[in-house]
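Heads up, the sequence shown is in numbering that gives the first Met the number 0, so the first residue is 0 and it goes up one at a time. Cβ atoms here follow ideal geometry from the backbone N, Cα and C, with glycine treated the same way. All of these numbers come straight from a predicted model, not from anything done at the bench.
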Amino acid sequence: MDWETPVDAWYVWLGASIVSLALAGVVLALPTGPPPDAEGATNAIEETTASSYEAASTLEHDADAIRIDGKTVALRNEHGVSRSSLAYGQVVVVNGDERLERLVYGESFATVFESELEDADANAAAAFMDRVADVDEETAGEWLTASDELTVRQVAVEPDEPPEVRVQGADHERSILDGRRSLPKELAATYEGDETQTVAYTVTGTAPIEPGVVAPHEYATVGYEAEWTTTHADSDTVRTDLDSHLVDGERIEGTRSPGTDTERPDEEFWIGVYPLTVTAEFGSETCETTLESATTVDSVCPTVTATDERAAELDWIERNDETGNYHATLAVV
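Laid out in structure tokens, this is it:
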């Protein structure tokens, strides 16, 4: 019997050992657990965003880092990366901004932005939007070190209320030309907004005049303009006389037809005929409307506010039709 080992046996043994070690290395390199649950993160965000009112949610996770870029949410740990997309809404990660983090963790907007709300010259809603926009530039699309929880909160912000001016023709009389048309002798204007506001009004249109004022033998119409300035208290209605006017930049008095007013037969004036255009200027606002008839009560303002203009530039905030507030979803990862 031949008990001798073949000379090449050790080569075989060595090759088998190398293969075994290589296979062991592959096994050791394979993940030993699943990657983080990105879909769970998007579900938590969407449940919060979908609420008509302020809502919050917290998700425990095993991610080491989180990246949110627009509608894409990615979570990463030693086992890999998982991604999921938001079906609707958008979230801004506010890590690093102490005031916005306080909002996410439950403090009220009135508390966090108390200084802006108490400052008559500040716009708290716009200040909030600016702050979120700044942190969004820093965090969007970046891998951020994650804690053990993803905290999401929808924040509701009241927009600044625009001032409103409502106008209506008042104390009407019949046209001196045909006796049928209604002419307002006064303009009733109501301002709602700041406690007091100085408003410069201009009313333009056309007006009937008597023979001899511009036309020697017949009635005529001329360009009409009445202007004045009134300081309003909030919600007060001010009536302004429309008897004195400008024609081609020169102030002229028209003459009422004889007998049209037995109590004031000789009073000189004329009155604009509908439609009349009313312009109101106050602060940096210029608003305009057209009064079509004696029954028209029209709002000259509101105009777009600073909050509306800022929100229109941002894709992560929108006006909620049910609450009337601006809503934004913020997160701390």
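Enclosing beta strand (DSSP E) for residue i [first to last residue]
| i | result |
| --- | --- |
| residue 186 | 181 to 191 |
| residue 331 | 325 to 331 |
| residue 280 | 272 to 281 |
| residue 348 | No answer is possible for residue 348: the residues shown for the chain start at 0 and end at 332. |
Beta-carbon spacing of residue i, residue j below 8 Å
| i | j | result |
| --- | --- | --- |
| residue 325 | residue 271 | no |
| residue 85 | residue 329 | no |
| residue 148 | residue 74 | no |
| residue 44 | residue 151 | yes |
| residue 122 | residue 306 | yes |
| residue 63 | residue 76 | yes |
| residue 88 | residue 48 | yes |
| residue 186 | residue 168 | yes |
| residue 92 | residue 143 | yes |
| residue 189 | residue 236 | yes |
| residue 198 | residue 137 | no |
| residue 116 | residue 125 | no |
| residue 41 | residue 80 | no |
| residue 145 | residue 332 | yes |
| residue 196 | residue 231 | yes |
| residue 191 | residue 234 | yes |
| residue 286 | residue 164 | yes |
| residue 102 | residue 184 | no |
| residue 60 | residue 35 | yes |
Bridge partner(s) assigned by DSSP for residue i
| i | result |
| --- | --- |
| residue 89 | Residue 89 pairs with nothing; no bridge assigned. |
| residue 298 | 165 |
| residue 223 | 204 |
| residue 285 | 280 |
| residue 232 | 195 |
| residue 83 | 72 |
| residue 130 | Residue 130 pairs with nothing; no bridge assigned. |
| residue 241 | Per DSSP, none; premise fails for residue 241. |
| residue 290 | 275 |
| residue 172 | 182 |
Where the alpha helix (DSSP H) through residue i begins and ends
| i | result |
| --- | --- |
| residue 110 | 108 to 111 |
| residue 321 | Counting along the chain, residue 321 falls outside any alpha helix (DSSP H), and DSSP gives it neither H nor E. |
| residue 307 | 305 to 311 |
| residue 100 | 97 to 103 |
CB contact below 8 Å: residue i versus chain D
| i | result |
| --- | --- |
| residue 323 | Here there is only one protein chain, and chain D is not present. |
Residue i: CB within 7 Å of a non-hydrogen atom of the ligand MN
| i | result |
| --- | --- |
| residue 157 | With respect to the ligand MN, the structure offers nothing, as it holds no ligand at all. |
Rounded Cβ spacing between residue i and residue j (contact assumed at less than 8 Å)
| i | j | result |
| --- | --- | --- |
| residue 162 | residue 300 | 6 Å |
| residue 201 | residue 288 | The Cβ separation is near 12 Å, so there is no contact. |
| residue 297 | residue 154 | Not quite, the Cβ-Cβ distance comes to about 36 Å (not below 8 Å), so this is no contact. |
| residue 52 | residue 181 | Contact doesn't hold; Cβ gap of about 48 Å is too wide. |
| residue 134 | residue 327 | Rounded, the Cβ-Cβ distance is 12 Å, inconsistent with contact. |
| residue 78 | residue 140 | That belief does not hold up - the Cβ atoms of residue 78 and residue 140 are roughly 23 Å apart, past 8 Å. |
| residue 37 | residue 82 | 5 Å |
| residue 310 | residue 128 | 7 Å |
| residue 383 | residue 275 | In the structure as shown, the chain begins at 0 and stops at 332. Residue 383 is therefore absent and cannot be evaluated. |
Could you tell me which uninterrupted alpha helix (DSSP H) segments, each at least 4 residues in length, are contained entirely in the stretch 37 to 64, listed from first to last along the chain? Taking only runs of at least 4 residues, the alpha helix (DSSP H) segments lying wholly in the stretch 37 to 64 are 37 to 48.
Starting from the N-terminal side, write out each stretch of the beta strand (DSSP E) that is 3 residues or longer and does not extend beyond the stretch 133 to 164. 148 to 156
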